[in-house]
Structure formats: C-alpha cells, structure tokens
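Numbering (the UniProt record's numbering), first residue to last: 1 to 208. Glycine included, every Cβ here is placed at the ideal spot set by N, Cα and C. Remember, it's a predicted structure, so these values are computed and weren't measured experimentally. Structure first, commentary second.
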C-alpha cells in the first residue's frame, strides 16, 4: 500500500480497533461520541483524499470496505449499544442501503480490476480483521476469495501475508484477533514488520 493511501485509511482502522480493544477490556462507552469519532475519521480521510482526483476515486472505493467492516465489527461486538448500531448503521446513513454482505464483495471486484491495488488492499485487510459478509458460513469460499486477492496484489509486485491456511481444517471458524494483537495487525498499512502479525493470525485461529 502506498504511503499516501495508508495515511488515509490507517486513522480509520485505528479509531475502530481502539474502540474494539476497549470493548473487549470491558468498557462500555456511550454510542454518540464513539460514532462521532468514527465519522470524523472517515470525513477527514475523504477530505485529505481530495488533493487529487485519482486519490479521491480510490479512497471512495475503499471507503465502502471501511464502512461495511465497521458496521459488521460493531454489530457483532460485546458492546451494549451493538443493537442500536445495527439500527443506525453507517451504510444506511452514507449509502442508503443495507446490503453490505454482498456489496462488500461486489465493490472488492471493482477494486480488483484497477491497476492500483491500494483500494483492494483495504478490502483484503478488512477481511483479515474480521469482515465475513456473505461468506460468514462458508469458510472455503472465503479462503478462495482471499487466495485470489492475495495473488492479485502479489502480481502487482507486493506480497501481503496470507492469513488463511492453505488446506481446509476442521477447526473453529475464523474470527478477528482480540485486543493488542488486532491493533498490531493494522500496522501492516505502514510497516512491513506487521506482516508477522497476519501470519500469527493463522496460528491464533488454527493452532496446530
């Protein structure tokens, strides 16, 4: 991922993952201020992307991934306001839709055909950080999708870390890493050392 694009999406990831970490630690913050911080992070990223038409276009596509991921992560969180979030999802406020399970992968396909892989890497990372959508009950299909996206990104000269095993295993379904580990995972946006974290994702979810 290019540095300019990472500077757009990283604060959004960090804002949400910080909230998720606090929820897993037993905190129960009020809905309003947390939602406001997330919206501000998205709006600030869009503002910064406006410096060029190409960056703006790419971020708008990646923003879909972020919005769908945020909604799914928080709806399925231990937060006492998870039901309220479900009733007031960002997807509806921004896109007037409730179709994230399918729309995520439709938009990911749009990103897949672009020469620039920045938006596609955002989709890949959202799945690494817990988005499942229509594949929530179909791990083989999720694995096939992740393999294809991995190969597409790698073909551009990059090589993101795989976070799914090569073979089908009868183990617990994939889930996001908790706490500090998931915060480390997002640093893949800005540091190659965080590729180790995504490798650890496999070990954490599929212990041998």
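The continuous alpha helix (DSSP H) containing residue 151 extends over residues 139-155. Between the alpha carbons of residue 132 and residue 108 lies a distance of about 13 Å. Non-local beta-carbon contacts of residue 98 in its own chain, meaning distances under 8 Å to residues more than five positions away in sequence, involve 89, 91 and 92 in chain order. Between residue 19 and residue 36, the C-beta gap is not smaller than 8 Å, which leaves the two residues out of contact. One Cα belongs to residue 65, the other to residue 102, and the distance between them is close to 11 Å. Within 10 angstroms of the beta-carbon of residue 113 lie fewer than 16 other beta-carbons, which makes it exposed. Distances from the CA of residue 68 to each of 94, 139 and 7 were compared; the closest alpha carbon is that of 94. In the structure shown, residue 18 falls within a helical segment according to DSSP collapsed to helix, strand and coil. Taking 8 Å as the cut-off, the beta carbon of residue 16 is found closer than this to the beta carbon of residue 70. With respect to residue 151, residue 80 sits apart: the two C-beta atoms are not nearer than 8 Å.
Proximity to residue 49 across 5, 130 and 140 peaks at 5, based on C-alpha coordinates.
Take residue 104, set aside five residues on each side of it, and the residues of its chain with a beta-carbon closer than 6 Å to its own are 68 and 133, in chain order.
By a beta-carbon distance limit of 8 Å, residue 123 contacts residue 111. Their separation comes to about 6 Å. Taking C-beta separations shorter than 7 Å and ignoring five residues to either side along the sequence, the partners of residue 61 in its chain run 107, 110, 111 and 119, following chain order.
In the three-state reduction of the DSSP assignment, residue 122 falls in the helix class.
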